[in-house]
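Peer 1: Okay, here's the structure, questions in a sec.
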Amino acid sequence: MYKDMKGSGITKGEDEEEDAESLLENGRIQRKDKGVVGEGTFGCPPRPFNLALHHQQIPDKNAAAANHGKIAPDDEKKGLGWAQSVGLILTLSGGVLLIILSASVDGHLGPTRPVHIFNFGDSNSDTGGLVAGLGYFVNPPNGRTFFRRSTGRLSDGRLVIDLLCQSLNVSLLSPYLDSLAGSRFSNGANFAIVGSSTLPKRVPFSLNIQVMQFIHFKATAGSKHLINDDGFQKALYMIDIGQNDLADSFTKNLSYAQVTKRIPSVIAEIKSAVKALYDQGGRNFWIHNTGPLGCLPQKLSLVENKDLDPYGCLSSYNAAARLFNEALRHLCNGMRSELKDAVIVYVDIYAIKYDLIANSTKYGFSRPLMACCGNGGPPYNYNVGLTCGHPGSQVCDEGSLFVNWDGIHYTEAANTIVASKILSMNFSTPRIPFDFFCCS
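Using my numbering, read the sequence shown as starting at 228 and increasing by one per residue.
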């Protein structure tokens, strides 16, 4: 059931894409600066983030190639001092990065109206739901970098969802299942759970179940006046799921053709979830595609007959991920036409993460396909029988620059770069800034 729990240190096409301006022209978003009055839910222009420093550290000259899965490696000899500088910057206190992520050019340090975010997904965005809901333990050294304790997150520190919340200067999302979190869920809730997938339906904690939990939450929160109807309508609904559907299919030794044959069913479940949330009043959707599955140390260590690409990743696994992502992109394009007053942003996480692998030295990372925490040493440091957090596992020095944390999930250092690239809008369709959804 929990497809990405094992080995995670746990015990017990051709469519024309629309940009922000075309959405404005279609009257879907009300903008004071454009004088457009439509059926949208927004009433102010977006406030761009001050990401100049990030752009200096993290150039995007390979972004266009990355979007097609074809990234030419930089000459590793060039800019080596620069890469080392980036490494030093990434190991600084999280407070410095938080300031960069949360500041905007107009000087505002926070949203101008209440922010509500509801997140649905798997371990890539689970902020403690599995631990709170089922009593599993996520052992140290998970959480060592930022929280200085295990919080149920499968990383050494913050996840991308945490960094995106901090970019808005709002509280981190509490897991829906955590009754002892002390949260009144005034800024939303996180329904993501480790191991979740879209299929099979109606099993803990499939996407279908997470949406059902949200509907229950909405009814309860509304009756207690925690969040009103306007708050639910203007809320941002984030979806990041699908990785486990692909991974589970490969784990069952299905052929590539059999794996890809299941993709339409997965896409259909995501569409069903979006429409269910839309029927509940949701109008703003932020949808992440899936990352390069074939670059995870866990997959690389478990597959015997490796079909490796030039960067050492499993070609068939990544090809399936790209096919899934293309289907998801088409879905988002179609739903923009079908759900006329909805804003649907598709984010190319695959391109961002694959670029980290292909050009790791540019970002100051070493051994991009090796887990920081695990067992077995190079090349992958992953042992399915002795995973991160279990006695006998080994962990890299704190502050070491690794892309991968435990064989499946990313380090805070890598997540910080992923978050900053998301905030840059260079990987979003349409190019709407993340803080657009919190302005008044």
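Where is the CB? At the ideal position from N, CA and C, for every residue including glycine.
Where DSSP assigns a beta bridge to Thr643, which residues make up the other side?
Peer 2: In the DSSP output, where bridge partners are listed per residue, Thr643 has none listed.
Peer 1: I'd like to confirm the pairing. Which residues does DSSP put opposite Met668 in its beta bridges?
Peer 2: This structure cannot settle anything about residue 668, because the visible part of the chain is limited to 228 through 667.
Peer 1: For Tyr577, report the span of its alpha helix (DSSP H) as first-last.
Peer 2: 576 to 585
Peer 1: Extract the residue ranges of the alpha helix (DSSP H) inside the stretch 595 to 665, only unbroken runs of 4 or more that lie entirely within it.
Peer 2: Along the length of the stretch 595 to 665, whole alpha helix (DSSP H) runs at least 4 residues long occupy 639 to 650, reported in chain order.
Peer 1: Is it the case that the Cβ atoms of Phe412 and Ser401 are separated by a distance below 9 Å?
Peer 2: Their beta carbons are under 9 Å apart, which means Phe412 touches Ser401 by this criterion.
Peer 1: Hey, quick one: how far does the beta strand (DSSP E) through Asn545 stretch, first residue to last?
Peer 2: Looking at the DSSP string, Asn545 is not in any beta strand (DSSP E); the run it does join, the alpha helix (DSSP H), is 542 to 565.
Peer 1: For Lys467 versus Ile420, is the C-beta distance shorter than 9 Å?
Peer 2: Here residue 467 is Asp; the residue named in the question, Lys, does not match the sequence. Taking 9 Å as the Cβ cut-off, Asp467 and Ile420 do not qualify as a contacting pair.
Peer 1: Quick check on the burial criterion: 16 or more other C-beta atoms within 10 angstroms. Buried or exposed for Phe661?
Peer 2: buried
Peer 1: Quick test of the definition: if touching needs 3 or more C-beta pairs under 8 Å, does the stretch 501 to 515 touch the stretch 531 to 540?
Peer 2: no
Peer 1: Could you tell me the distance, in whole angstroms, from the CA atom of Ala554 to the CA atom of Leu390?
Peer 2: 27 Å
Peer 1: Starting from Asn417, trace the beta strand (DSSP E) both ways and give me its first and last residue.
Peer 2: 415 to 417
Peer 1: Under 8 Å Cβ to Cβ from Cys623, same chain only, skipping five residues before and after it: list those, please.
Peer 2: Cys599, Cys600, Phe629
Peer 1: From Thr656, Gly356, Asn545, Ser476, pick the residue whose C-alpha is nearest to that of His515; which is it?
Peer 2: Thr656
Peer 1: Go ahead and label Ala640 buried or exposed: buried means 16 or more other beta carbons lie within 10 angstroms of its beta carbon, across all protein chains shown.
Peer 2: buried
Peer 1: Which residues in the same chain have their Cβ closer than 8 Å to the Cβ of Asn435, if we skip the five residues on either side of it in sequence?
Peer 2: Thr425, Lys428, Arg429, Glu496, Ser499, Ala500
Peer 1: Should Asp457 go down as buried or exposed, given a rule of 16 or more other Cβ atoms within 10 Å for buried?
Peer 2: exposed
Peer 1: When we look at the beta-carbon of Leu650 and count the other beta-carbons within 10 Å, is it buried (16 or more) or exposed?
Peer 2: Label assigned to Leu650: buried.
Peer 1: What residues in its chain sit with their C-beta under 7 Å from that of Tyr403, if we drop five residues either side in the sequence?
Peer 2: Gly356, Ala416, Asn417, Phe418, Gln440, Phe444
Peer 1: Relative to the C-alpha of Asn608, which residue among Phe592, Glu625, Asn631, Ser587 is closest?
Peer 2: Among Phe592, Glu625, Asn631, Ser587, the Cα nearest to that of Asn608 belongs to Asn631.
Peer 1: State yes or no: is the C-beta of Leu473 within less than 9 Å of the C-beta of Ala547?
Peer 2: yes
Peer 1: Could you check if Arg549 is buried or exposed, using at least 16 other CB atoms within 10 Å of its CB as the buried criterion?
Peer 2: Residue burial is scored here from C-beta neighbours: Arg549 has at least 16 other C-beta atoms within 10 angstroms and is therefore classed as buried.
Peer 1: Name the one or two DSSP bridge partners that Tyr403 has.
Peer 2: Bridge partners of Tyr403: none, in fact.
Peer 1: Could you compute how far the alpha carbon of Ile576 sits from the alpha carbon of His636?
Peer 2: Roughly 14 Å between the two C-alpha positions.
Peer 1: If you run the structure through DSSP and keep just helix, strand and coil, what is Leu395?
Peer 2: It is coil, neither helix nor strand.
Peer 1: Output yes or no for whether 9 Å exceeds the beta carbon distance between Phe512 and Ile579.
Peer 2: For the pair Phe512 and Ile579, the CB atoms are not nearer than the 9 Å cut-off.
Peer 1: Hey, Tyr573 and Pro519 are a contact pair by Cβ (cut 8 Å); roughly how many whole angstroms apart?
Peer 2: That belief does not hold up - the Cβ atoms of Tyr573 and Pro519 are roughly 17 Å apart, past 8 Å.
Peer 1: Going by C-alpha to C-alpha distance, which of Ser564, Lys451, Asn351, Ser377 sits closest to Tyr363?
Peer 2: Ser377
Peer 1: With DSSP collapsed to three states, give me the class of Ile571.
Peer 2: strand
Peer 1: Determine the contact status of Phe551 and Met465, defining contact as a CB-CB distance below 9 Å.
Peer 2: No, Cβ-Cβ distance for Phe551 and Met465 is not below 9 Å.
Peer 1: I'd like the span of the alpha helix (DSSP H) that includes Asn471, first residue to last.
Peer 2: Unbroken alpha helix (DSSP H) run through Asn471: 470 to 478.
Peer 1: When you compare the CB positions of Thr354 and Arg380, do they come within less than 9 Å of one another, or not?
Peer 2: It is a contact, given that the beta carbons lie within the stated cut-off.
Peer 1: Are the CB atoms of Ser352 and Asn369 within a distance shorter than 9 Å?
Peer 2: no
Peer 1: Would Thr478 be called buried (16 or more neighbouring beta carbons within 10 Å of its own) or exposed?
Peer 2: exposed
Peer 1: Going along the chain, which residues of its own chain have a beta-carbon closer than 7 Å to the beta-carbon of Ile490, five neighbours each way excluded?
Peer 2: Leu550, Phe551, Ala554
Peer 1: Does DSSP classify Val493 as helix, strand or coil?
Peer 2: Reduced to three states, the DSSP call for Val493 is helix.
Peer 1: Determine the DSSP secondary structure at Phe432, reduced to helix, strand or coil.
Peer 2: Looking at Phe432 - three-state DSSP - the assignment turns out to be coil, as it is neither helix nor strand.
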